[in-house]
Amino acid sequence: MTVPDHHDHDHAHPGVTKDEEPYGYYATLELAVRELLIEAGLITTDEHRRQIEILDSRSPVLGAKVVARAWTDPEFKKRLLADGSAACEELGITMYDGAHLIVHENTDQVHNMVVCTLCSCYPRPVLGLPPDWYKNKQYRARAVKEPRAVLKEFGTTIPDEVSIHVHDSNANMRYLILPLRPAGTEHLTEEELAGLVTRDAMIGVTVVKSSLVQTNRGQA
Amino acid sequence: MNVEGLGVDLAKSSSPAFLVNDLVKIKNKTPVGHYRTPFYVRGKTGRIERILDEFINPEEEAYGKNVGSKVRLYRVSFAQQELWPEYHSASLDQLQIEISEHWLEPA
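Keeping their order, the protein sequence lines are chains A and B.
All residue numbers for the first sequence refer to the working numbering, where the first residue is 11 and numbers rise by one.
All residue numbers for the second sequence refer to the working numbering, where the first residue is 544 and numbers rise by one.
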């Protein structure tokens, strides 16, 4: 069988995406196991599809909603710090994976940050998929050993008199950081406050600023 | 010791061997298999920060044994200087991590 030689690409086809790379070892393994589970009637194709749909629907918008509520409702904050999973479910955020969520509050004395040294455990129900740097070996190795140096690289300087608590998310718990509410935001509504809360602040590698203007400067 | 409000139902599970604020040492063993106790805490001394529930033993779960074997989990906090001798000596920084009961011994 001969391959036609007139179409050895030196031009692009607009609107056509290149096929993905061939499956690697683990992707093939996952596909094989999934097909066996479906064949055996243990899960259905639709259930598998639905689970991916749920995973993809989660994002830091949900965590920000939780944080803004805790900033504006002291009773909710108490419940959130006592049982993170139950408080999130009050806001309609289901812990679809049975995760046990612990919320750590940043204060004037303590700054908290999260890492998973063993893999990439992350509070997916409230933050969605973890960023690439969170899964990176450098971050995982260094966050536990030299957190202040790592924070500086994120542009975050924590004063010496504030203790840093690093949480290694290595087993069954998942961690969400409740950042300090920035000064000068007393007039903002809960929704406006949620708009200030970023993903990285809820991982604890940065703090919440009273305005996002600085971040956007230079993008015009 | 105060275990109220920590989500621990002592009536339905076996009593925790350690209580909040107990000093504990992480066992320094190097078995072959799947473990969720990182090397950097083995042999180190910390303090029980919180008592958690009992969970399926990950060391068995990794090999398909999903039923019947649960182990008590704790959150243990360490002074950073205990883990990293070069850490700034005046710092109050901490590291907190989840450790299963069978990896702990009284310190």
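No residue lacks a Cβ here, since even glycine has one placed at the ideal position from N, Cα and C.
Looking at the secondary structure, which residues open and close the alpha helix (DSSP H) in which residue 195 of chain A lies?
Careful: residue 195 of chain A lies outside any alpha helix (DSSP H) and carries neither H nor E.
Note the first and the last residue of the continuous beta strand (DSSP E) segment covering residue 589 of chain B.
Counting along the chain, the beta strand (DSSP E) containing residue 589 of chain B begins and ends at 588-599.
I'd like the list of long-range same chain contacts for residue 579 of chain B, defined as Cβ closer than 7 Å, with 5 residues on each side in sequence excluded.
601, listed in sequence order.
Would you call the segment 200-219 of chain A and the segment 170-189 of chain A in contact, with 3 or more CB pairs under 8 Å?
Contact holds: three or more Cβ-Cβ distances are below 8 Å.
Would you decide whether residue 122 of chain A is buried or exposed? Buried here means 16 or more other CB atoms lie within 10 Å of its CB.
Classification of residue 122 of chain A: buried, given that the 10 Å Cβ count is 16 or more.
To the nearest angstrom, how far is the alpha carbon of residue 101 of chain A from that of residue 109 of chain A?
When rounded, the distance between both Cα atoms is 16 Å.
Does the beta-carbon of residue 597 of chain B have 16 or more other beta-carbons within 10 angstroms, so that it is buried, or is it exposed?
It counts as buried.
Take the Cβ of residue 59 of chain A as the centre, count every other Cβ of all protein chains shown within 10 Å, and call the residue buried at 16 or more, exposed below.
When all chains shown are included, residue 59 of chain A counts as exposed.
Shortest alpha-carbon distance to residue 67 of chain A belongs to which of A:198, A:159 and A:135?
Minimum Cα distance to residue 67 of chain A is reached at A:135.
Taking C-beta to C-beta, are residue 625 of chain B and residue 588 of chain B nearer than 8 Å?
Against a cut-off of 8 Å, the Cβ pair of residue 588 of chain B and residue 625 of chain B comes out as a contact.
Let me confirm a value: residue 114 of chain A is counted as buried when at least 16 other C-beta atoms fall within 10 Å, else exposed. Which label applies?
Under this definition residue 114 of chain A is a buried residue.
For a quick check, are the C-beta atoms of residue 178 of chain A and residue 126 of chain A less than 8 Å apart?
Yes, they are a contact pair.
What does residue 42 of chain A touch in chain B if you count any residue whose Cβ is under 7 Å from its own?
Here the premise fails: no neighbours, minimum Cβ distance about 17 Å.
For chain B, check one thing: does any of its Cβ atoms lie closer than 8 Å to the Cβ of residue 117 of chain A?
So no, residue 117 of chain A is outside the interface.
Can residue 70 of chain A and residue 165 of chain A be called in contact, C-beta distance under 8 Å?
Not in contact: residue 70 of chain A and residue 165 of chain A (Cβ atoms no closer than 8 Å).
Out of A:150, A:47, A:51 and A:93, which one is the CA nearest neighbour of residue 186 of chain A?
Of A:150, A:47, A:51 and A:93, the residue nearest in Cα terms is A:93.
Pull up the DSSP beta-bridge partners for residue 621 of chain B, would you.
Answer is B:638, bridged to residue 621 of chain B.
Excluding five sequence neighbours on each side, which residues of the same chain lie with their C-beta closer than 8 Å to the C-beta of residue 117 of chain A?
Cβ within range, chain order: 190.
Of the residues B:595, B:640, B:621 and B:603, which one's Cα is nearest the Cα of residue 575 of chain B?
Closest by alpha carbon: B:603.
If we ignore side chains and look at the alpha-carbon of each, how far apart do residue 571 of chain B and residue 584 of chain B end up?
When rounded, the distance between both Cα atoms is 9 Å.
Whole angstroms is fine: what's the gap from residue 630 of chain B's alpha carbon to residue 41 of chain A's?
Going by the C-alpha atoms only, they are around 46 Å apart.
The segment 161-183 of chain A: which residues have C-beta closer than 7 Å to a C-beta of chain B, in chain order?
Residues 173, 174, 175, 176, 177, 178, 180, 181, 182 and 183.
With distances taken from CA atoms, which of A:98, A:97, A:180 and A:203 is nearest residue 581 of chain B?
That would be A:180, whose Cα lies nearest to the Cα of residue 581 of chain B.
Determine the chain B residues that contact residue 136 of chain A at a beta-carbon separation under 9 Å, and present them in chain order.
Those within 9 Å of residue 136 of chain A in chain B number zero; the least Cβ separation is about 18 Å.
For residue 68 of chain A, which of helix, strand or coil comes out of DSSP?
If DSSP states are grouped into helix, strand and coil, residue 68 of chain A belongs with coil.
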